[in-house]
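S.K.:
2 protein chains.
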Amino acid sequence: MTHDDALAHLDAHYPSMPPVRALQLAIESFDGERLRLSAPLAANVNDKGCAFGGSLASLMTLACWGRVWLELDAAGLDCDIYVADSRIRYLAPLYDDLHAQAAPAPDARWDEFVAAIRAKGRGRIEMAARIDLPDGRPATTFDARFAAILRPAG
Amino acid sequence: MTHDDALAHLDAHYPSMPPVRALQLAIESFDGERLRLSAPLAANVNDKGCAFGGSLASLMTLACWGRVWLELDAAGLDCDIYVADSRIRYLAPLYDDLHAQAAPAPDARWDEFVAAIRAKGRGRIEMAARIDLPDGRPATTFDARFAAILRPAG
Numbered sequence: 002m003t004h005d006d007a008l009a010h011l012d013a014h015y016p017s018m019p020p021v022r023a024l025q026l027a028i029e030s031f032d033g034e035r036l037r038l039s040a041p042l043a044a045n046v047n048d049k050g051c052a053f054g055g056s057l058a059s060l061m062t063l064a065c066w067g068r069v070w071l072e073l074d075a076a077g078l079d080c081d082i083y084v085a086d087s088r089i090r091y092l093a094p095l096y097d098d099l100h101a102q103a104a105p106a107p108d109a110r111w112d113e114f115v116a117a118i119r120a121k122g123r124g125r126i127e128m129a130a131r132i133d134l135p136d137g138r139p140a141t142t143f144d145a146r147f148a149a150i151l152r153p154a155g
Numbered sequence: 002m003t004h005d006d007a008l009a010h011l012d013a014h015y016p017s018m019p020p021v022r023a024l025q026l027a028i029e030s031f032d033g034e035r036l037r038l039s040a041p042l043a044a045n046v047n048d049k050g051c052a053f054g055g056s057l058a059s060l061m062t063l064a065c066w067g068r069v070w071l072e073l074d075a076a077g078l079d080c081d082i083y084v085a086d087s088r089i090r091y092l093a094p095l096y097d098d099l100h101a102q103a104a105p106a107p108d109a110r111w112d113e114f115v116a117a118i119r120a121k122g123r124g125r126i127e128m129a130a131r132i133d134l135p136d137g138r139p140a141t142t143f144d145a146r147f148a149a150i151l152r153p154a155g
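As they're listed, the protein sequences go chains A and B. Counting in the numbering used here, the first sequence runs from 2 upward without gaps. Counting in the numbering used here, the second sequence runs from 2 upward without gaps.
(1) Out of A:LEU134, A:ARG131, A:ASP136 and A:TRP111, which has the shortest C-alpha to C-alpha gap to A:GLY124?
(2) Should B:PRO19 be flagged as near chain A, meaning a C-beta pair shorter than 8 Å?
(3) Can you list the residues of chain A that B:LYS121 reaches, using a CB-CB cut of under 8 Å?
(4) Just the Cα atoms here: how many angstroms apart are A:ALA120 and A:ARG146?
(5) Between which two residues does the beta strand (DSSP E) carrying B:MET191 extend?
(6) Run through chain B and tell me which residues come within less than 9 Å of A:ALA44, C-beta to C-beta.
(7) For B:HIS4, which of B:ALA116, B:ALA76, B:GLY54 and B:THR62 has the nearest alpha-carbon?
(8) Leaving out five residues before and five after A:LEU92 in sequence, what residues of the same chain have Cβ atoms less than 8 Å from its Cβ?
(9) Starting from the beta carbon of B:ILE89, find every residue of chain A whose beta carbon is closer than 7 Å, and list them in chain order.
(10) Enumerate in chain order the residues of its own chain whose CB-to-CB distance from A:PRO16 is below 7 Å, with the five nearest sequence positions on each side excluded.
(11) Closer than 7 Å, Cβ to any Cβ of chain A: which residues of the stretch 2-16 of chain B, in chain order?
(12) CA-CA distance, B:TRP70 and B:HIS10?
(13) For A:GLY124, would you say it is in contact with chain B, using Cβ-to-Cβ distances shorter than 8 Å as the test?
(14) Taking beta-carbon pairs under 7 Å, can you tell me which members of the stretch 59-83 of chain A lie near chain D?
(15) Counting only Cβ pairs nearer than 7 Å, list the residues of chain A close to B:GLY54.
(16) Less than 8 Å separating the beta-carbons of A:THR1 and A:VAL46?
(17) Does B:ASP48 get closer than 8 Å to chain A when you measure Cβ to Cβ?
(18) Measure the beta-carbon distance from A:SER30 to A:ALA40 and round it to whole angstroms, keeping in mind my assumption that it falls under 8 Å.
(19) Leaving out five residues before and five after A:GLU34 in sequence, what residues of the same chain have Cβ atoms less than 8 Å from its Cβ?
(20) Mind listing, in chain order, the continuous alpha helix (DSSP H) runs of no fewer than 4 residues lying wholly within the stretch 70-143 of chain B?
(21) Applying the criterion that 16 or more other CB atoms from any shown protein chain within 10 Å of the CB defines a buried residue, is A:ARG37 buried or exposed?
(22) For A:ARG22, name the three-state secondary structure that DSSP assigns.
(23) Identify, in the order they occur along the chain, each residue of the same chain with its Cβ nearer than 6 Å to the Cβ of B:PHE203, setting aside the five sequence neighbours on each side.
So this is what it looks like as structure tokens:
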């Protein structure tokens, strides 16, 4: 797929999942490295008037998941992609819309991930995401490992 | 509040949050130690037909949050309760409804948590939750720290 086709595919894919539709997420941008998603506070607000922890977790998970999908699509690989584990730090309450950005962790290498999938049908990669406050300080940070398993050709 | 009143309050409180309403969660039981919540797979399914990672994270977060709230309510403490950090392991895909259970971590002590809030207006406690497969093996495990801050009397 071309870059634009891949983003359009992802944009249609996300809301096909009922819990993702509830988040009302939107793709903001993909610059070839970072994927950015957003979601309105109104759909994701908790009892304290700030963003619900579960929504923050979901949006960062989905941003990383989508970033992995874009990389594998660009490599021509059709995989099921799973989150294997995640660590989230909630650093400050967010009283604004949610803007998540996702990219590989500093030590992660796309080429090794893709090579593992080509060689063994599966691979793992460390991803990192964050959601910032309007002033640029982090509201939440997210570190996770994702697994991809090649789908049988069909 | 009595035990029943507290559960009724929690039952009304959860769906007051839009992202929680989307999960369609229900309180299953509270035996004085473990709080159990459930949510239907249909509202929480991903593109692979199994439970969405973000929904699993949300349900375990809410189970722990509710368990903390019940303990503080029983102690007569009105607090804002926040998740501070969490670690989730996704061990096996769940192709069934979600059933979460939450309790303090093995080393956590309610009495120390309550005493800290009484003395300093705030406290932290380690909580643990899990969602099992129908055969009893864990689908996901969740370890998190929660913070409670006493609300100004008013």
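Even for Gly, the Cβ is constructed at its ideal location relative to N, Cα and C.
M.R.: On the basis of the coordinates in this document:
(1) Taking the first residue of the first sequence as position 1, residue 124 of chain A is located at position 123. Ranking the options by Cα distance to A:GLY124, first place goes to A:TRP111.
(2) If you number the second sequence from 1, residue 19 of chain B lands on position 18. Closer than 8 Å to some Cβ of chain A, the Cβ of B:PRO19 qualifies, so yes.
(3) As a working note, residue 121 of chain B is residue 120 in the second sequence. Within 8 Å Cβ-Cβ: nothing; B:LYS121 doesn't reach chain A, min ~20 Å.
(4) One-based indexing of the first sequence puts residue 120 of chain A at position 119. One-based indexing of the first sequence puts residue 146 of chain A at position 145. When rounded, the distance between both Cα atoms is 19 Å.
(5) Since the first residue of chain B shown is 2 and the last is 155, residue 191 of chain B is not available in this structure.
(6) Here residue 44 of chain A refers to the residue found at position 43 when the first sequence is read from its first residue. Identification of chain B residues near A:ALA44 by a Cβ-Cβ cut-off of 9 Å yields PRO19, PRO20 and ALA23, ordered along the chain.
(7) Within the second sequence, numbered from 1, the residue matching residue 4 of chain B stands at position 3. Considering only alpha carbons, the answer is B:ALA76.
(8) For this step, residue 92 of chain A is matched to residue 91 along the first sequence. Here A:LEU92 has ARG138, PRO139, ALA140, THR141 and THR142 as same chain residues with Cβ atoms under 8 Å from its own Cβ, once five neighbours each way along the sequence are excluded.
(9) For the purposes of this step, residue 89 of chain B is identified with residue 88 of the second sequence, where counting begins at 1. Those are ASP86 and SER87, listed as they occur along chain A.
(10) Translated into positions along the first sequence, residue 16 of chain A becomes position 15. Only ARG22 meet the Cβ criterion.
(11) Answer set for the stretch 2-16 of chain B: HIS14.
(12) For this step, residue 70 of chain B is matched to residue 69 along the second sequence. For this step, residue 10 of chain B is matched to residue 9 along the second sequence. So the two alpha carbons sit approximately 10 Å from each other.
(13) Within the first sequence, numbered from 1, the residue matching residue 124 of chain A stands at position 123. Chain B contact via Cβ: absent.
(14) Looking for chain D here will not work: the only protein chains present are A and B.
(15) Counted from its first residue, the second sequence places residue 54 of chain B at position 53. Result: THR62 and VAL84.
(16) Only positions 2 to 155 of chain A appear in the structure, and residue 1 of chain A is not among them; the question remains open.
(17) The residue labelled residue 48 of chain B in the question sits at position 47 within the second sequence. Closer than 8 Å to some Cβ of chain A, the Cβ of B:ASP48 qualifies, so yes.
(18) Here residue 30 of chain A refers to the residue found at position 29 when the first sequence is read from its first residue. Here residue 40 of chain A refers to the residue found at position 39 when the first sequence is read from its first residue. For A:SER30 against A:ALA40, the beta-carbon gap comes to about 15 Å, at or over 8 Å, which does not count as contact.
(19) Numbered from 1 along the first sequence, position 33 holds the residue referred to as residue 34 of chain A. If we look at A:GLU34 and ignore the five residues flanking it on each side, its Cβ neighbours are ALA104.
(20) 111-121, all fully within the stretch 70-143 of chain B.
(21) Along the first sequence, read from residue 1 onward, the residue named residue 37 of chain A stands at position 36. It is buried - the Cβ of A:ARG37 has at least 16 other Cβ atoms within 10 Å.
(22) Taking the first residue of the first sequence as 1, we reach residue 22 of chain A at position 21. Of the three classes helix, strand and coil, the one that applies to A:ARG22 here is helix, per DSSP.
(23) Shown here, chain B extends from 2 to 155; a query on residue 203 of chain B therefore has no answer.
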